[in-house]
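K.L.:
Keeping their order, the protein sequence lines are chains A and B. Residues 13 to 439 in the numbering used here are what the first sequence spells out, letter by letter. Residues 469 to 652 in the numbering used here are what the second sequence spells out, letter by letter.
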Amino acid sequence: MRHVITLCILMLSVLNAKAELVIEITSGKQSAVPIAVVPFNWGGDKALTENVSQIVANDLSRSGYFKALPQESMLSQPHKQSEVFFRDWQLLKQDYLVIGDITQKPEGGYAVQFQLLDVNTKTSLLNQKLTGGPASLRDIAHYMSDRIFAALTGLPGAFSTKLVYVTTNRERTRFNLSYSDADGAREQNIFTSKHPIISPAWSRDGKQIAYVSFENGRSEIFIQELATGKREKVASFKGSNSAPAFSPDGTKLAMVLSRNGNPDVYIMDLATRKLDRVTKHYGIDTEPQWLPDGQSLIFTSSRIGKPQIYKVDLADRKPKRITFEGDYNARARITPDGRKMVMVHRSNGNFHIASQNLETGILQILTTDTQLDESPSVAPNGSMVVYAASVGDRSILAAVSLDGEVKFRLPSKYGDVREPAWGPLLK
Amino acid sequence: MQKTALVKALGLTFGAVLMTACASKGDVTEGEATQPLAAVEQAGEEAQTKGVEAQAVAGEQVEAAAAEAQAALMDITTFYFDFDQSTIKADSKNALIAHAQYLSANSGARVVLEGHADERGTVEYNLALGERRALSVSRFLQANGAAAGQIQTVSFGEERPAVMGHNDDSWSQNRRVEIKYQSR
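The structure is reproduced here in structure tokens:
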């Protein structure tokens, strides 16, 4: 049963069908904090391939917590603290200022010295030097954004994280499993097929992706190593094999199998490949998801006739219904702190993303301006939810903050984009 | 649409009798075994009482019409469902019974039942829904004479729409099970 297939990471020449996501911010927080990211100093001969300060400004704006000052509004462009006239920035009503300097390292690659300054107290909050190889400017920029975001909000930044998602052409004759930065940049296709690909899911260490591929005429589950492209078929039982979800400790994979005639939730031990059946019901049981403690799962079930979310403790195996509002609640995902879940919720015939507080049961609909919303995936710092939606006759990725205030879209230049999965925070 | 018209024309008598037979049993629930052949025999007997002289000729006509109607019903290979439902609709049953009878009479015949859903709702739920639709058709075929070993089921969820539109008409065409013969 164990097939190990080594798949060469496909060369760029066959990956010309790139989706190329471009961010459009459609709504920000009322309380967004004004911050000025001054263009960084660069003394090199050749122009840099990446605009580091612009990437940082975009990252911070996209989070919704900050509002970056446009470059043309700046009265001066200091690069060192000694060059900063705080009154300029007070006049522009800026709370924070980021300045920096990029230098080429003698051995190749770059060093970026940056400083985060508090305009009101005229103090330095961060003063760091970040270094990286010749192709690392974008990584350095995202890392800088993470540090600034963490210093000012107390939350870890998620700008250095990655997304995976599925792109297809309009004719649905080509499917790509794509991998990109959290802002949609540097997209690569890590698997391509003429047959559907669905349900990509990250391992907690960010090294593997489990997904469902129909390449053999029906749904089967594969696990692919990101670094090598090596992949392995882990579930191809009779019937459907789908909805993989890695356990928090990475040793198990929850999944949905219909080997006994009807879709039920199972847990596979990845070392032994032994299966443990969690649900036994004639209704649909699908979309399992682990709670952060690894002791219970939530899943979608049609056991009352309509899809609702249930929670099952692995100790007693007795599913308890946890959604009661609306006649369609499905594909729930838990926030990293375990306090809320987000899901697809239908109200007035429209499918939107909603959050539900797991303690109080209070439900909040987060999305309003997109249609047929599906596949919500929570950022690993719990700030945003990325999801797939229909805008016009295209399927695009969009994101909304957990409080519903911040919204942005990641429309693709090509085809449809679906099934996003936001990767973990990496050390 | 042409096929539908053809079926209506050819199977008018046969179909009408069949419908009556089904209807007389009340609203047929999923998987319930109906007995259309008995219904045809009954119809024949009823026809016989009308005129003794025309007996032989009328009988041949009924048989020929029945065979043609059966062939026309076999041409229907796509069966539609309501949103979030896997219950076989009443208007699918005659054609499904024809397929079941064919499978019963031809033990070497093999079919794959492909279940599909419309794009609304979640991808995985729709995969499960497509599977339940295929399984529902499989049970119905088996209840009407097909053998389990002749049938395979597969679901494509919302991944293989028949039509690409984003409206009620497109959605209704995408919520379906397709019967595909692997061997006849």
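C-beta atoms are modelled at their ideal positions from N, C-alpha and C, and glycine is treated no differently.
Would you kindly report the start and end of the unbroken alpha helix (DSSP H) that includes A:Thr-444?
P.N.:
Residue coverage of chain A in this structure runs from 13 to 439, which leaves residue 444 of chain A outside it and unanswerable.
K.L.:
Establish whether the CB of A:Glu-232 and some CB of chain B are separated by less than 8 Å.
P.N.:
Here residue 232 of chain A refers to the residue found at position 220 when the first sequence is read from its first residue. Cβ-Cβ to chain B under 8 Å: no for A:Glu-232.
K.L.:
In three-state DSSP terms, what is A:Leu-60?
P.N.:
Translated into positions along the first sequence, residue 60 of chain A becomes position 48. Looking at A:Leu-60 - three-state DSSP - the assignment turns out to be coil, as it is neither helix nor strand.
K.L.:
Is it a yes or a no for the region 133-142 of chain A touching the region 81-92 of chain A, going by three-plus beta-carbon pairs under 8 Å?
P.N.:
Result no; under three Cβ-Cβ pairs closer than 8 Å.
K.L.:
Would you check if the distance between the CB atom of A:Glu-431 and the CB atom of A:Val-277 is smaller than 8 Å?
P.N.:
The residue given as residue 431 of chain A occupies position 419 in the first sequence. The residue given as residue 277 of chain A occupies position 265 in the first sequence. No. Outside cutoff.
K.L.:
Using a Cβ cut-off of 8 Å, which residues of the region 588-599 of chain B contact any Cβ in chain D, in chain order?
P.N.:
No chain D appears in this structure, whose protein chains are A and B.
K.L.:
If I'm right that A:Ser-389 touches A:Ala-344 with Cβ under 8 Å, what's the distance once you round it to whole angstroms?
P.N.:
The residue given as residue 389 of chain A occupies position 377 in the first sequence. The residue given as residue 344 of chain A occupies position 332 in the first sequence. Incorrect: roughly 11 Å between the Cβ atoms, too far for contact.
K.L.:
Of all the CB atoms in chain B, is at least one closer than 8 Å to the CB of A:Ala-342?
P.N.:
One-based indexing of the first sequence puts residue 342 of chain A at position 330. Output row for A:Ala-342: interface = yes.
K.L.:
Quick one: which unbroken alpha helix (DSSP H) runs of 4-plus residues sit fully inside the region 132-170 of chain A? Chain order, please.
P.N.:
Segments of the alpha helix (DSSP H) lying fully in the region 132-170 of chain A: 149-165.
K.L.:
Taking only the alpha-carbon atoms, compute the straight-line gap between A:Ile-334 and A:Gln-376 and give it to the nearest angstrom.
P.N.:
Numbered from 1 along the first sequence, position 322 holds the residue referred to as residue 334 of chain A. Numbered from 1 along the first sequence, position 364 holds the residue referred to as residue 376 of chain A. In a straight line, the C-alpha of A:Ile-334 is about 15 Å away from that of A:Gln-376.
K.L.:
State the DSSP-derived secondary structure class of B:Tyr-570, mapped to helix, strand or coil.
P.N.:
The count along the second sequence starts at 1 and reaches residue 570 of chain B at position 102. Three-state result, B:Tyr-570: helix.
K.L.:
For A:Gln-368, does the count of other Cβ atoms within 10 angstroms reach 16, so buried, or fall short, so exposed?
P.N.:
Here residue 368 of chain A refers to the residue found at position 356 when the first sequence is read from its first residue. Buried, because 16 or more other Cβ atoms sit within 10 Å of the Cβ of A:Gln-368.
K.L.:
In terms of DSSP beta bridges, what is A:Gln-11 paired with?
P.N.:
The structure shown has nothing for residue 11 of chain A, since chain A only spans 13 to 439.
K.L.:
Out of curiosity, what's the CA-to-CA distance linking A:Leu-414 and A:Thr-165?
P.N.:
The residue labelled residue 414 of chain A in the question sits at position 402 within the first sequence. The residue labelled residue 165 of chain A in the question sits at position 153 within the first sequence. Their Cα atoms are separated by approximately 15 Å.
K.L.:
For A:Ser-190 and A:Asp-428, I'd like the C-alpha separation in whole angstroms.
P.N.:
Position 178 of the first sequence, counting from 1, holds the residue named residue 190 of chain A. Position 416 of the first sequence, counting from 1, holds the residue named residue 428 of chain A. Near 12 Å, if we compare the C-alpha coordinates of A:Asp-428 and A:Ser-190.
K.L.:
Looking at the structure shown, is B:Asp-550 part of a helix, part of a strand, or coil, going by DSSP?
P.N.:
Residue mapping note: residue 550 of chain B aligns to position 82 of the second sequence, counting from 1. Correct three-state label for B:Asp-550: coil.
K.L.:
Closer than 7 Å between beta carbons: that is the criterion. Which residues of the region 413-432 of chain A meet it against chain B?
P.N.:
Flagged, chain order: Glu-431.
K.L.:
Would you call the CB atoms of A:Thr-298 and B:Glu-626 closer than 8 Å?
P.N.:
Reading the first sequence from its first residue, position 286 is the one you call residue 298 of chain A. Reading the second sequence from its first residue, position 158 is the one you call residue 626 of chain B. Cβ distance not < 8 Å, so A:Thr-298 and B:Glu-626 don't count as in contact.
K.L.:
Counting contacts by CB-CB distance shorter than 8 Å, is B:Phe-624 in contact with chain A?
P.N.:
Counted from its first residue, the second sequence places residue 624 of chain B at position 156. Chain A, which has a Cβ nearer than 8 Å to the Cβ of B:Phe-624, makes this yes.
K.L.:
Would you kindly work out how many angstroms separate the C-alpha atoms of A:Trp-54 and A:Glu-95, rounded to a whole number?
P.N.:
Walking along the first sequence from the start, residue 54 of chain A turns up at place 42. Walking along the first sequence from the start, residue 95 of chain A turns up at place 83. Rounded to the nearest angstrom, the two C-alpha atoms are 16 Å apart.
K.L.:
State the DSSP-derived secondary structure class of B:Glu-514, mapped to helix, strand or coil.
P.N.:
Here residue 514 of chain B corresponds to residue number 46 of the second sequence, with the count starting at 1. Because the pLDDT of B:Glu-514 is 36, which lies under 50, any placement of that residue in the model is unreliable, and the question is left without a value.
K.L.:
Please list, in chain order, the chain B residues whose beta carbon lies closer than 8 Å to that of A:Val-356.
P.N.:
Taking the first residue of the first sequence as 1, we reach residue 356 of chain A at position 344. Residues of chain B passing the Cβ test: Gly-589 and Thr-590.
K.L.:
Name, please, each residue of chain A whose Cβ falls closer than 8 Å to the Cβ of B:His-698.
P.N.:
The requested residue 698 of chain B is not part of the displayed model; chain B covers only 469 to 652.
K.L.:
Would you mind giving the Cβ-Cβ distance between A:Phe-420 and A:Asp-385, rounded to the nearest angstrom? I have them listed as a contact below 8 Å.
P.N.:
Position 408 of the first sequence, counted from the first residue, corresponds to residue 420 of chain A. Position 373 of the first sequence, counted from the first residue, corresponds to residue 385 of chain A. Actually they are not in contact, since the Cβ atoms of A:Phe-420 and A:Asp-385 sit about 14 Å apart, beyond 8 Å.
K.L.:
For B:Glu-599, count neighbouring Cβ atoms within 10 angstroms of its own Cβ and tell me buried if that reaches 16, exposed if not.
P.N.:
What you label residue 599 of chain B is simply residue 131 of the second sequence in a count that begins at 1. Counting Cβ neighbours within 10 Å, B:Glu-599 comes out buried, since at least 16 surround it.
K.L.:
At the level of alpha carbons, what is the spacing between B:Gly-479 and B:Ile-647?
P.N.:
Position 11 of the second sequence, counted from the start, is the residue given in the question as residue 479 of chain B. Position 179 of the second sequence, counted from the start, is the residue given in the question as residue 647 of chain B. Confidence is the limiting factor: at B:Gly-479 the pLDDT is only 42, short of 50, which leaves the residue's position unreliable, though a coordinate-based value still follows. Straight-line Cα distance between these residues: approximately 21 Å.
K.L.:
So that I know if they touch, is there some Cβ in chain B lying closer than 8 Å to that of A:Ala-213?
P.N.:
Indexing the first sequence from 1 puts residue 213 of chain A at position 201. No, its Cβ sits nowhere closer than 8 Å to a Cβ of chain B.
K.L.:
Is it the case that the Cβ atoms of A:Gln-93 and A:Gln-127 are separated by a distance below 8 Å?
P.N.:
The residue you call residue 93 of chain A lines up with position 81 of the first sequence. The residue you call residue 127 of chain A lines up with position 115 of the first sequence. Yes, these two residues count as a Cβ contact at 8 Å.
K.L.:
Do we get a CB-CB distance below 8 Å when we pair A:Phe-363 with the residues of chain B?
P.N.:
For this step, residue 363 of chain A is matched to residue 351 along the first sequence. Yes, its Cβ sits closer than 8 Å to a Cβ of chain B.
K.L.:
Would you verify that the beta carbon of A:Glu-386 is, or is not, closer than 8 Å to some beta carbon of chain B?
P.N.:
Locating residue 386 of chain A in the first sequence gives position 374, where the first residue counts as 1. A:Glu-386 counts as touching chain B.
K.L.:
Should A:Pro-212 and A:Val-176 be called a contact, given that it needs their Cβ atoms to be closer than 8 Å?
P.N.:
Working through the first sequence from its first residue, we reach residue 212 of chain A at position 200. Working through the first sequence from its first residue, we reach residue 176 of chain A at position 164. Yes, the Cβ-Cβ distance between A:Pro-212 and A:Val-176 is below 8 Å.
K.L.:
Could you please give the first and the last residue of the uninterrupted alpha helix (DSSP H) stretch that includes B:Tyr-593?
P.N.:
Within the second sequence, residue 593 of chain B is the residue found at index 125, counting from 1. That run of the alpha helix (DSSP H) goes 591-611.
K.L.:
In angstroms, rounded to a whole number, what distance separates the CA positions of A:Ala-257 and A:Thr-372?
P.N.:
Here the question's residue 257 of chain A lines up with position 245 in the first sequence. Here the question's residue 372 of chain A lines up with position 360 in the first sequence. When rounded, the distance between both Cα atoms is 26 Å.
K.L.:
Find the nearest neighbour of A:Lys-292 within the set A:Ile-114, A:Val-324 and A:Gly-218, judged by alpha-carbon distance.
P.N.:
Taking the first residue of the first sequence as 1, we reach residue 292 of chain A at position 280. Taking only the C-alpha atoms, the option nearest A:Lys-292 is A:Val-324.
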